[in-house]
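Order-wise, the sequence lines are chains A and B.
Numbering follows the working numbering, with no gaps: position 44 of the first sequence is 99.
Numbering follows the working numbering, with no gaps: position 70 of the second sequence is 125.
In what follows, a single structure is set out as structure tokens and then discussed.
2 protein chains.
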Amino acid sequence: MHALILGAAGMIGRRLTAAFVADGQVGGQPLDALTLVDVLQPQAPEGFSGTVKAEAADLSVPGAADAAVAGRPDLIVHLAAVVSGEAEANLELGYRVNLDGTRLLLEAIRRLSEAEGYRPRLVFTSSLAVFGQPLPPVIGDDWGLTPASSYGTQKAMGELLLADYSRRGIIDGIGLRLPTICVRPGKPNKAASGFFSGIIREPLAGQPAILPVADTVRHWFASPAAATGFLVHAAGIDLAPLGLRRNLTMPGISATVAEEIEALRRVGGDAAVALIRREPDAAVARIIETWPEAFDTARALALGFRADASFDAIVDHHVAETGHHGPEAG
Amino acid sequence: MHALILGAAGMIGRRLTAAFVADGQVGGQPLDALTLVDVLQPQAPEGFSGTVKAEAADLSVPGAADAAVAGRPDLIVHLAAVVSGEAEANLELGYRVNLDGTRLLLEAIRRLSEAEGYRPRLVFTSSLAVFGQPLPPVIGDDWGLTPASSYGTQKAMGELLLADYSRRGIIDGIGLRLPTICVRPGKPNKAASGFFSGIIREPLAGQPAILPVADTVRHWFASPAAATGFLVHAAGIDLAPLGLRRNLTMPGISATVAEEIEALRRVGGDAAVALIRREPDAAVARIIETWPEAFDTARALALGFRADASFDAIVDHHVAETGHHGPEAG
Numbered sequence: 056m057h058a059l060i061l062g063a064a065g066m067i068g069r070r071l072t073a074a075f076v077a078d079g080q081v082g083g084q085p086l087d088a089l090t091l092v093d094v095l096q097p098q099a100p101e102g103f104s105g106t107v108k109a110e111a112a113d114l115s116v117p118g119a120a121d122a123a124v125a126g127r128p129d130l131i132v133h134l135a136a137v138v139s140g141e142a143e144a145n146l147e148l149g150y151r152v153n154l155d156g157t158r159l160l161l162e163a164i165r166r167l168s169e170a171e172g173y174r175p176r177l178v179f180t181s182s183l184a185v186f187g188q189p190l191p192p193v194i195g196d197d198w199g200l201t202p203a204s205s206y207g208t209q210k211a212m213g214e215l216l217l218a219d220y221s222r223r224g225i226i227d228g229i230g231l232r233l234p235t236i237c238v239r240p241g242k243p244n245k246a247a248s249g250f251f252s253g254i255i256r257e258p259l260a261g262q263p264a265i266l267p268v269a270d271t272v273r274h275w276f277a278s279p280a281a282a283t284g285f286l287v288h289a290a291g292i293d294l295a296p297l298g299l300r301r302n303l304t305m306p307g308i309s310a311t312v313a314e315e316i317e318a319l320r321r322v323g324g325d326a327a328v329a330l331i332r333r334e335p336d337a338a339v340a341r342i343i344e345t346w347p348e349a350f351d352t353a354r355a356l357a358l359g360f361r362a363d364a365s366f367d368a369i370v371d372h373h374v375a376e377t378g379h380h381g382p383e384a385g
Numbered sequence: 056m057h058a059l060i061l062g063a064a065g066m067i068g069r070r071l072t073a074a075f076v077a078d079g080q081v082g083g084q085p086l087d088a089l090t091l092v093d094v095l096q097p098q099a100p101e102g103f104s105g106t107v108k109a110e111a112a113d114l115s116v117p118g119a120a121d122a123a124v125a126g127r128p129d130l131i132v133h134l135a136a137v138v139s140g141e142a143e144a145n146l147e148l149g150y151r152v153n154l155d156g157t158r159l160l161l162e163a164i165r166r167l168s169e170a171e172g173y174r175p176r177l178v179f180t181s182s183l184a185v186f187g188q189p190l191p192p193v194i195g196d197d198w199g200l201t202p203a204s205s206y207g208t209q210k211a212m213g214e215l216l217l218a219d220y221s222r223r224g225i226i227d228g229i230g231l232r233l234p235t236i237c238v239r240p241g242k243p244n245k246a247a248s249g250f251f252s253g254i255i256r257e258p259l260a261g262q263p264a265i266l267p268v269a270d271t272v273r274h275w276f277a278s279p280a281a282a283t284g285f286l287v288h289a290a291g292i293d294l295a296p297l298g299l300r301r302n303l304t305m306p307g308i309s310a311t312v313a314e315e316i317e318a319l320r321r322v323g324g325d326a327a328v329a330l331i332r333r334e335p336d337a338a339v340a341r342i343i344e345t346w347p348e349a350f351d352t353a354r355a356l357a358l359g360f361r362a363d364a365s366f367d368a369i370v371d372h373h374v375a376e377t378g379h380h381g382p383e384a385g
């Protein structure tokens with residue numbers, strides 16, 4: 056089978072590529088071709104015996120999606136997007152990449168569908184940003200979407216397109232609303248959510264971290280490994296049980312900042328926790344308090360999607376991958 | 056104030072035009088200009104002392120929306136759409152008119168917003184078609200949208216755009232999910248929902264009508280007068296209480312086919328009811344059983360939207376407008 060990853064150069068795209076190569080199969084079918092596309096040319100993976108193409112393309116340019124699907128991939132994983140802050144700052148860019156890019160992809164597939172009955176599996180990454188206030192403490196699978204950002208709006212529109220093109224038999228699609236990734240690797244960034252990872256990642260590396268919100272703040276998390284696992288699982292399972300509801304919130308770990316800090320203490324001790332500096336930021340707190348705290352993901356669980364075991368397990372993943380385990384590690 | 060009606064030549068558009076002219080004001084502001092746009096040139100209303108423009112335009116053609124809003128209308132009522140059956144039969148046409156048409160309108164407004172701070176009230180008509188299975192017996196304001204048609208998908212996407220452009224301050228928007236209009240005037244048509252009106256309208260005019268479903272089928276109705284009233288109300292009220300949730304299901308009357316028939320009997324007697332011919336149609340029944348039966352429209356009620364008083368009142372409206380009251384009327 057032939058898999059196409061759009062947005063392959065990103066953090067999740069690279070992990071997914073590695074997972075496909077390590078598995079050598081998707082949903083029980085041997086993987087013999089891999090096409091990787093991103094705005095900057097993705098790195099070809101090592102150790103893959105099949106055909107690899109790695110290409111730079113802007114999928115929001117008409118024709119680019121047609122070129123990307125010209126090889127009739129059996130599986131398309133669509134991760135390509137402009138992130139939340141960028142989509143909010145630049146309305147035109149966000150709608151062009153996140154909405155038009157998705158629609159151009161679906162239309163490219165439709166042309167092949169009508170010409171020759173082509174019908175790929177399409178795995179689309181949506182986001183918790185589709186949810187806006189008011190929200191119940193635990194959000195069920197049937198809760199309505201009222202996004203509080205243009206990014207969330209574009210993802211919600213992508214979900215609707217995915218469901219309609221699936222209903223029409225053009226694709227066999229599934230949309231996954233990923234939890235907030237934690238511990239996100241890399242440098243501290245300016246995203247409002249950055250501290251959720253920062254207060255684990257930085258102290259474990261012996262660096263200070265800033266905590267701008269109260270310890271009682273609760274949110275919904277998945278490790279990079281769990282998020283990659285959702286995509287791998289979605290690529291291989293039977294989607295018929297989804298019916299019309301092709302979009303699912305993925306299971307996660309609901310944890311407070313206080314619980315995060317205790318998980319950090321278990322691994323890095325009090326010295327790690329002491330590296331967290333409390334600097335309350337009202338602006339960040341106002342954004343964060345509109346975010347979801349927990350979900351009832353019954354449908355995803357029934358389909359076999361599995362969250363991390365606990366927030367401790369999330370931290371253990373990070374320690375295993377980075378080798379960082381606190382300021383006093385020797 | 057200046058009002059623009061897009062889709063002014065349709066049944067609701069003509070009634071809304073007449074209501075604005077009769078009122079002479081919208082939300083307490085004197086109406087001095089009226090622009091009417093549809094694919095075929097709308098009729099200019101009689102008895103209006105202000106300026107009237109009536110223009111033919113295809114709003115899905117780039118530039119047409121810019122021309123339509125060039126007069127900086129204070130109020131825009133966007134009714135223009137390709138109907139459900141057409142959008143299902145022709146994917147490209149439906150997305151072009153129902154999605155791109157709405158987006159081109161919002162983008163035309165955005166250009167004026169950025170250039171000169173223009174911010175009109177925008178009233179958008181959505182549809183019960185945004186709801187798909189599974190549905191609870193009574194659907195609340197927070198229920199998620201899983202449309203079972205391309206038309207419903209396009210309306211749901213329009214709702215999301217309306218909310219995002221409102222949140223950004225480009226428009227002051229509200230989307231109304233109208234109940235099924237009953238009694239719809241005119242000839243019998245092939246819409247799956249046609250019989251809901253047909254079994255009242257035809258017998259009252261002394262004509263036979265076909266009933267393809269069981270008497271127990273329940274659905275959600277508004278008279279043409281109530282639907283027009285929703286639009287007039289939405290044009291004039293303060294929308295700040297809506298917050299992010301700019302789209303609302305309108306109140307209606309939940310009635311079964313049996314209740315419809317009893318309302319018909321009250322006006323037209325047994326002779327009218329005898330004109331209903333039961334011809335069960337499994338295909339129609341399968342479509343109808345996926346439709347919503349009733350809603351809890353607490354938010355719309357709190358904002359002052361009012362349904363018809365009863366299904367009897369719906370029939371009375373029709374009798375008053377048409378003068379038809381059964382086969383034995385003299």
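Cβ atoms here follow ideal geometry from the backbone N, Cα and C, with glycine treated the same way.
Item: Residues of chain B with a CB under 9 Å from the CB of A15/A: which are they?; Value: Absent from the structure is residue 15/A, since the part of chain A shown begins at 56 and ends at 385.
Item: Hey, out of R256/A, T208/A, E383/A and D293/A, whose CA is closest to L216/B's CA?; Value: T208/A
Item: Have a look at L86/A and L266/A and give me their C-alpha separation to the nearest angstrom.; Value: 44 Å
Item: Quick one: what does DSSP say T106/A is sitting in, helix, strand or coil?; Value: strand
Item: For W198/B, go through chain A and note every residue whose CB falls closer than 7 Å to its CB, in chain order.; Value: D197 and G199
Item: Are A205/B and G149/B close, meaning C-beta to C-beta below 8 Å?; Value: It should be pointed out that residue 205/B corresponds to Ser in this sequence rather than to Ala. Taking 8 Å as the Cβ cut-off, S205/B and G149/B qualify as a contacting pair.
Item: Could you pull the start and end residues of the beta strand (DSSP E) that V287/B belongs to?; Value: It is not in any beta strand (DSSP E) - V287/B instead sits in the alpha helix (DSSP H) that spans P279 to G291.
Item: Across which residues does DSSP place L89/B in a beta bridge pair?; Value: A58/B and V107/B
Item: Decide if the segment 257 to 274 of chain A is in contact with the segment 333 to 347 of chain A; the criterion is three or more beta carbon pairs, one per stretch, under 8 Å apart.; Value: yes
Item: Who are I194/B's beta bridge partners in DSSP?; Value: F350/B
Item: My output table needs one value for H373/A: the three-state DSSP class, helix, strand or coil.; Value: helix
Item: Roughly how far, in whole angstroms, is the beta-carbon of H274/B from the beta-carbon of W198/B, given that I think they are within contact range, below 8 Å?; Value: Not really, about 17 Å apart at Cβ, beyond 8 Å.
Item: How far does the alpha helix (DSSP H) with S309/A in it extend, from its first residue to its last?; Value: Unbroken run through S309/A is the beta strand (DSSP E), I308 to T311; no alpha helix (DSSP H).
Item: Using a Cβ-Cβ cut-off of 8 Å, state whether L71/A counts as contacting chain B.; Value: no
Item: Could you compute how far the alpha carbon of M66/A sits from the alpha carbon of A375/A?; Value: 17 Å
Item: For D371/B and S365/B, I'd like the C-alpha separation in whole angstroms.; Value: 10 Å
Item: With H, G and I counted as helix, E and B as strand and the rest as coil, what does DSSP make of V178/A?; Value: strand
Item: Please confirm whether S181/B has its beta-carbon closer than 8 Å to some beta-carbon of chain A.; Value: no
Item: If we call anything under 8 Å between Cβ atoms a contact, is A58/A one with D121/A?; Value: no
Item: How far does the beta strand (DSSP E) with A170/A in it extend, from its first residue to its last?; Value: Unbroken run through A170/A is the alpha helix (DSSP H), G156 to E171; no beta strand (DSSP E).
Item: What does the Cβ neighbour count give for T90/B, buried or exposed, with the cut at 16 atoms within 10 Å?; Value: buried
Item: What separation, rounded to the nearest whole angstrom, lies between the Cα atoms of T271/B and A313/B?; Value: 6 Å
Item: Got a sec? Which residues, its chain only, sit under 7 Å from F75/A by beta carbon, not counting five neighbours each side?; Value: A58, V81, L86 and L89
Item: Tell me the rounded alpha-carbon separation between T235/B and V339/B.; Value: 16 Å
Item: Under 8 Å, Cβ to Cβ, is there at least one residue of chain A near A280/B?; Value: no
Item: Give me the chain A residues within the contact set of M212/B, using Cβ-Cβ distance strictly less than 7 Å, ordered along the chain.; Value: M212 and L215
Item: What number of angstroms, rounded off, separates the C-alpha of A282/B from the C-alpha of I343/A?; Value: 39 Å
Item: For R232/A, does the three-state DSSP call read helix, strand or coil?; Value: strand
Item: Starting from L299/B, find everything on chain A with Cβ-Cβ shorter than 7 Å and list it in chain order.; Value: G187, Q188, T201 and A203
Item: Here's the rule: buried if 16 or more other CB atoms are within 10 angstroms of the residue's CB, otherwise exposed. What is V193/A?; Value: exposed
Item: Could you tell me the alpha carbon to alpha carbon distance between D363/A and L167/B, rounded to whole angstroms?; Value: 49 Å
Item: Below 8 Å on the Cβ atoms is my guess for P306/A versus F360/A; work out the distance and round it to an integer in Å.; Value: 6 Å
Item: What does DSSP give as the partner residue(s) for F276/B in the beta ladder?; Value: T235/B and I308/B
Item: Name the one or two DSSP bridge partners that V132/A has.; Value: I60/A and V178/A
Item: Judging by CA-CA distance, which residue of V178/A, L233/A and G241/A is the nearest neighbour of D227/A?; Value: V178/A
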